[in-house]
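Numbers 12 to 228, taken from this note's numbering, label the letters of the sequence shown in order.
See below for the structure under consideration.
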Amino acid sequence: MKILLVEDDEFIGDMIVDYFTMQKNRVDYFTNPLDVLKSVHPGYYDIFLLDVNMEGMNGFELYKELKKYADVPVIFITAYSDMEHIERAFNLGASDYIKKPFELKELELRIKRLLFKHTSLIQVSDDYKFDLKKLKLFYKDKEVELTPNERYFLEILFQNIGQVVDSETIKDYIWEDKVVCDNTLRTQVKKLRAKLHQNFIKNVRGTGYKIERKLQN
Numbered sequence: 012m013k014i015l016l017v018e019d020d021e022f023i024g025d026m027i028v029d030y031f032t033m034q035k036n037r038v039d040y041f042t043n044p045l046d047v048l049k050s051v052h053p054g055y056y057d058i059f060l061l062d063v064n065m066e067g068m069n070g071f072e073l074y075k076e077l078k079k080y081a082d083v084p085v086i087f088i089t090a091y092s093d094m095e096h097i098e099r100a101f102n103l104g105a106s107d108y109i110k111k112p113f114e115l116k117e118l119e120l121r122i123k124r125l126l127f128k129h130t131s132l133i134q135v136s137d138d139y140k141f142d143l144k145k146l147k148l149f150y151k152d153k154e155v156e157l158t159p160n161e162r163y164f165l166e167i168l169f170q171n172i173g174q175v176v177d178s179e180t181i182k183d184y185i186w187e188d189k190v191v192c193d194n195t196l197r198t199q200v201k202k203l204r205a206k207l208h209q210n211f212i213k214n215v216r217g218t219g220y221k222i223e224r225k226l227q228n
């Protein structure tokens with residue numbers, strides 16, 4: 012699981028990072044919401060954890076910007092419990108909110124519940140669909156055999172379907188901290204395309220890749 016955490020209280024932030032990284036999740040942690048907009052591709056993540064009350068840009072404002080680029084579930088972390096803030100959060104499309112102080116186990120359970128509900132089957136053509144929950148590709152309802160890297164490649168593209176995802180973001184998503192060259196990614200894509208009866212993976216020269224829907228109806 013890949014988590015984007017934006018929390019200006021470093022004590023809380025560090026606890027969340029330690030808890031989830033110990034479970035082999037990736038947590039990208041920011042204390043300044045403005046740095047997030049300069050540094051990340053929102054579609055990279057499975058979930059956003061956003062503090063509400065931050066300087067420069069609050070969590071609601073940050074989420075408005077992030078949701079322009081990716082449909083990712085969000086949990087707002089807040090010290091507020093009044094109905095006005097709760098209503099505003101859900102009006103923005105919040106998946107959930109959690110009030111400080113909270114148990115980290117409770118946060119974990121809320122995240123797992125949301126990811127189970129949020130994931131879905133995406134139809135890319137009349138014959139192909141991808142299950143974002145199970146990371147499985149189906150051709151005419153028969154599963155296509157994929158390597159783990161092929162699953163991750165399709166995952167990030169389907170999370171951003173119709174949008175170009177740059178090559179550096181894709182490489183970081185698949186191989187994380189390992190340094191790989193563009194040729195490695197191109198080879199990965201070539202092998203995946205060889206398994207497809209229909210090519211819905213578009214190479215945007217000099218930029219990256221995207222999924223193009225090819226539905227006839």
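Cβ coordinates follow ideal geometry from the N, Cα and C atoms, glycine included.
Beta-ladder partner(s) of residue i, from DSSP
i: R37; result: K13
i: K110; result: T89
i: Y220; result: V176 and N214
i: K123; result: For K123, which the question treats as bridged, DSSP gives no partner whatsoever.
Close Cβ partners of residue i (< 7 Å) along its chain, the five nearest in sequence each way excluded
i: D193; result: S178
i: L196; result: S178, I181 and K182
i: L61; result: V17, G70, L73, Y74, V85, F87 and I88
i: M68; result: P44 and L45
Cutoff 8 Å: residue i Cβ touching any chain C Cβ
i: G67; result: Included in the structure is just one protein chain, with no chain C present.
Close Cβ partners of residue i (< 6 Å) along its chain, the five nearest in sequence each way excluded
i: K147; result: E154
i: Y40; result: L16, G24 and V28
i: E166; result: L146
Separation of residue j from residue i, as counted between CA atoms
i: I88; j: A205; result: 45 Å
i: R224; j: D138; result: 11 Å
i: V85; j: D107; result: 7 Å
i: K189; j: M94; result: 46 Å
i: R37; j: P44; result: 19 Å
i: P53; j: N171; result: 9 Å
i: P112; j: Y91; result: 11 Å
i: Y56; j: I222; result: 17 Å
i: D82; j: R162; result: 19 Å
i: L203; j: V51; result: 26 Å
i: L143; j: R216; result: 26 Å
i: L157; j: K35; result: 22 Å
Residue i - containing alpha helix (DSSP H), residue span
i: K49; result: P44 to S50
i: D142; result: Element bounds for D142: not the alpha helix (DSSP H) but the beta strand (DSSP E), Y139 to D142.
Residue nearest to residue i in terms of C-alpha spacing, selected from the options
i: L48; options: I167, K79, V38 and T218; result: K79
i: Y184; options: N171, A90, F164 and I222; result: F164
i: T42; options: Y56, M65, F59 and T218; result: M65
i: G219; options: V176, E187 and L120; result: V176
i: M33; options: L207, M68, L168 and K116; result: K116
i: L125; options: Y30, K35 and I58; result: I58
i: G173; options: H96, I133 and D20; result: I133
i: E76; options: D152, G104 and E98; result: G104
i: K140; options: F169, F31, K13 and M26; result: F169
i: I14; options: K213, L207 and K123; result: K123
Cut-off 8 Å between Cβ atoms - residues of its own chain near residue i, not counting five sequence neighbours on either side
i: I109; result: I86, F87, I88, T89, E117, L118 and R121
i: Q199; result: N160, E161, F164 and I185
i: A100; result: V63, F71, F87, T89 and Y108
i: Q209; result: S136, D138, Y139 and K225
Where the beta strand (DSSP E) containing residue i begins and where it ends
i: D62; result: I58 to D62
i: Q134; result: L132 to Q134
i: Y74; result: Looking at the DSSP string, Y74 is not in any beta strand (DSSP E); the run it does join, the alpha helix (DSSP H), is G70 to L77.
i: E154; result: K153 to V155
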